[in-house]
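Some notes on the structure that comes next.
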Amino acid sequence: MTTETTTITNKMTTRNVDVFYGEKQAINGVSIDIDMENVTAFIGPSGCGKSTFLRTMNRMNDTIPSCRVTGEITLDGEDIYAPSMDVVQLRARVGMVFQKPNPFPKSIYDNIAYGPRIHGLASGKEELDRIVEKSLQRAGLWAEVKDRLNESGTALSGGQQQRLCIARAIAVDPEVILMDEPCSALDPIATAKIEELIHELRGKYAIVIVTHNMQQAARVSQRTAFFHLGTMVEYGDTSEMFTNPQEERTRDYITGRYG
Amino acid sequence: MTGPAILLLLLGLGLISWIFGRAKANRFITAGSKNLNSLPNYHGWYTALWAIVPALIFITIWSSVSPALVTDSVLANPAAAELTDNGFKRGAILSEARSIANNPGQKAFNPEAEQLAPLYAKAQSYYDIVGTLAVILLCFAGAAYAFIRIRPDFRARKRVEQVVMIVLLVASLIAIVATIGIVASLIFESARFFGMISPIDFFFGTEWNPKNTSVAGDGEDFGAIPLFWGTIFIGAIIAMVIAIPFGLMSAVYLTQYARPSFRKWMKPILEVLAGVPTVVYGYFAALTVAPALRDFAAAIGISNATSESALAAGLVMGVMIIPFVSSMADDSIAAVPSSMRDGSLAMGATKSETIKKVLIPAALPGVVGGVLLAVSRAIGETMIVVMAAGLAANLTANPFASVTTVTTQIVQLLTGDSDFNSPKVLAAFALGLTLFIVTLLLNLVALHIVKRYREAYE
Ligand SMILES: Nc1ncnc2c1ncn2[C@@H]1O[C@H](COP(=O)(O)OP(=O)(O)OP(=O)(O)O)[C@@H](O)[C@H]1O
Ligand SMILES: [Mg+2]
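Chains as they are written, first to last, in our numbering: chain C, 1 to 259; chain F, 260 to 717.
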């Protein structure tokens, strides 16, 4: 019954996270909790640090030499920046979907099988086939591509490519999926498909989505965090945030006064 | 008047016309004409160009026509009437006469030449004067024409611009024209060769043993298969076995692992290596690598090892090609969008998995194109194989044996003096033509692949 809301456990937590590019600080003291039940949206004007913060959550910022992170980020209570943390393992658990669809120049099948293969998730061809089919089904792409799994992933349409990338992320059975503006390169119909997909994935994975589109945040997310100039200004239930923001700056942004 | 003197005179006249043209244009300004179309300098250049260019063109034509005119006038003289009809001897006598005319005191071999020499001298000096006068006349006429045309609204600037464009165009055509000429001569001489030796014997024969004779043999001595095989064995097999893995690994290291500061140093160094004269590598191959390999082969019990082995030449050639392959592969890997790499890393792939399974496959077309270019360089490479590969045309896959290549044989066939009409010398042209066509095709295919690859990621 109503006990469910109290038993929500936080999948990821961040405490006082600062991010620097060289001397320049891009994120300032962000603390946030991400849970399994809700889709969390990050909104905020361009350059406020949404992508930067998202990338710290699966340590993709490690690929930027000048980038430095302080503070604490945990996954299931474990510090992901601890020396004992295996980045490769972490990224398998915290998947990522990028702004621009980036399928590998391989067949659709090999795109999905890529993760399971490198992590040894399938013990044989049949199991791999099953993972590929399940992932494509979850990403709502199976019906469209099941007869052409050997065609190149780059030959799909933009929206299909993005769903392929989501399927690819799902295939390694992650716990968290981070999406950085996954629809910004897509047309409205493809966008609607992705949003529908996010609805279906909710509850199976903890999902964080960065978006510039306020309506989209309202449609797909239950929790919203508003970022401004590297700080998190406000974090709360999406419906609450859009109807009754607590902060002046949030209100201004949501009503389109700037950004 | 001698050539240099005429050129100097022309330059002087050109300078004077420049000054006059400029001065005339300047006068318009001082006379208060505001709308002078071009700067006085351009009027100067315009006049100078008109003074010099037509005269120069005339000189070029004249210098190729006047010897014939001189000879004709000599032959028209009654003293030349009783010259022999034998074309060959006649030519020899005439050219000797010309040489005596130019160097008085030289001893004559043919007595007739001695008689003709003064005639020659006279005719030459006559045509010299005619030519010089014509040049000076043209120079003045050109300058005068241009000078008259200078008016305030005359577009000298545009005219000069056109001349500049034509000069640039001619400059860019010279390389192409020269190449066409070379190819034409290759084709022509090859055709003569194939008139004596059947192309089938040449392309499919397995005996290579050209003799130093001017008589066409029975054909079987010109079988080029051992040469083609040696070229492929050294340039496309042994060298590539070295160059591809090392070049690729070096490119992967430089693009993916090296710190930017190291890469900044290393890339130019590799590129400088590509410019080391190949004769230096040849030295190294012949004096260091080849003996070491022979000793090594002897030590492991290979009896017929020679000090000129395919392996020595191939190894050193491979090392020489490494920077080239590395630089091409580096470019292709760097051209793979970083979103590919991020996508793979975000799946939890390690760096080397990402490189092996995503970056290199994605860069493969570019790498293949680069390798083909490298092969085409390797098979055209001459110095290393001349010094280290040997001359024996063996058809063998034993890397310790001596093989020979197309380029080595071309050098071999053309050095030493032999009759220019013998099949032995003409064979060099046939080999050269074959090599040219093969490398041209390789380059075309490689560039096509690389271009397609570039487009794929734009
Ligand atoms: N690789 C980098 N090196 C240096 N500075 C960076 C780098 N990436 C981002 N930044 C800086 O960090 C700040 C935050 O950038 P970020 O990309 O996180 O913004 P964002 O909120 O995602 O913006 P957008 O909505 O436009 O995607 C910006 O000021 C940006 O200039
Ligand atoms: Mg962003």
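Just so it is clear, CB atoms sit at the ideal spot from N, CA and C, and this is done for glycine as well.
With DSSP run on the structure shown, which of helix, strand or coil describes residue i?
i, result
"GLY364/F", "coil"
"VAL709/F", "helix"
"ALA564/F", "coil"
"TYR379/F", "helix"
"PHE227/C", "strand"
"ALA26/C", "strand"
"THR674/F", "coil"
"PHE42/C", "strand"
"TYR512/F", "helix"
"TYR81/C", "coil"
"CYS183/C", "coil"
"ARG518/F", "coil"
"ARG219/C", "helix"
"PHE481/F", "strand"
"ASN369/F", "coil"
"THR306/F", "helix"
"LEU75/C", "strand"
"SER473/F", "Unreliable positioning characterises SER473/F in this predicted model, as indicated by a pLDDT of 49, which lies under 50. The coordinate reading is nonetheless provided below. In the structure shown, SER473/F sits in coil (DSSP, three-state: anything other than H, G, I, E or B)."
"ASN265/C", "Since the first residue shown for chain C is 1 and the last is 259, residue 265/C is missing from the structure and cannot be characterised."
Taking 7 Å as the cut-off, is the CB of residue i close to at least one heavy atom of ligand 2?
i, result
"LYS193/C", "no"
"ASP180/C", "yes"
"LYS523/F", "no"
"VAL634/F", "no"
"VAL176/C", "no"
"VAL210/C", "yes"
"SER51/C", "yes"
Does the beta-carbon of residue i, which I'm using as the reference point, lie nearer than 7 Å to any heavy atom of ligand 1?
i, result
"SER66/C", "yes"
"TYR235/C", "no"
"LYS204/C", "no"
"THR40/C", "no"
"TYR253/C", "no"
"SER46/C", "yes"
Going along chain C in order, which residues have a C-beta closer than 9 Å to the C-beta of residue i?
i, result
"ASP601/F", "MET60, THR63, MET96, PHE98, ASN102"
Strictly below 8 Å CB to CB, what residues from chain C border residue i?
i, result
"LEU604/F", "MET60, THR63, ARG91"
"ALA621/F", "PHE104, PRO105"
Might you give, ordered along the chain, the residues of its own chain that have their beta carbon closer than 7 Å to the beta carbon of residue i, omitting 5 neighbours on each side?
i, result
"GLU530/F", "PRO582, SER586"
"ALA376/F", "ALA356, ILE359, ALA360"
"THR613/F", "ARG600, SER603, LEU604"
"MET525/F", "LEU513, ALA517"
Please return the same chain residues whose Cβ sits closer than 8 Å to the Cβ of residue i, not counting the five positions on each side in sequence.
i, result
"VAL172/C", "ALA92, GLY95, GLY115, PRO116, HIS119, LEU121"
"ILE278/F", "GLY303"
Can you list the residues of chain F that residue i reaches, using a CB-CB cut of under 7 Å?
i, result
"TYR81/C", "The contacting residues do not exist; TYR81/C stays about 17 Å from chain F at best."
"VAL210/C", "The contacting residues do not exist; VAL210/C stays about 14 Å from chain F at best."
When burial is assigned at 16 or more other CB atoms within 10 Å of the CB, is residue i buried or exposed?
i, result
"SER135/C", "buried"
"ILE643/F", "buried"
"GLN162/C", "buried"
"PRO263/F", "exposed"
"ARG223/C", "buried"
"HIS228/C", "buried"
"LYS193/C", "buried"
"VAL362/F", "Per the sequence presented here, residue 362/F reads as Asn, with Val not at that position. Label assigned to ASN362/F: exposed."
"GLY44/C", "buried"
"LYS710/F", "exposed"
"ASP110/C", "buried"
"GLN246/C", "exposed"
Taking C-beta pairs closer than 7 Å, name the residues in chain C that residue i reaches, listed in chain order.
i, result
"VAL617/F", "PHE104"
"GLU612/F", "ILE118"
"SER598/F", "PHE98, LYS100, ASN102"
Quick one: residues in its chain with C-beta nearer than 6 Å to the C-beta of residue i, no 5 flanking neighbours on either side, listed in chain order?
i, result
"ASN61/C", "ARG55, CYS67"
"PHE20/C", "ARG68"
"ASN102/C", "none"
"THR5/C", "Because THR5/C sits at a pLDDT of 48, beneath the cut-off of 50, its placement in the model cannot be relied upon, and the following sentence gives the value as read from the coordinates. Correct list: empty, nothing qualifies."
"GLY573/F", "ILE493, ILE497, ALA498"
"ALA206/C", "LYS11, ILE34, MET36, VAL176"
"ALA443/F", "none"
Strictly below 9 Å CB to CB, what residues from chain F border residue i?
i, result
"ARG168/C", "GLY602, MET606"
"GLY22/C", "Neighbours of GLY22/C on chain F: none; closest Cβ ~14 Å, over 9 Å."
"GLY29/C", "Here the premise fails: no neighbours, minimum Cβ distance about 26 Å."
Just to make sure I have the definition right: I need the residues of chain F whose C-beta is within less than 8 Å of the C-beta of residue i. Which are they?
i, result
"VAL88/C", "GLY607, ALA608, THR609"
"VAL172/C", "MET606, GLY607"
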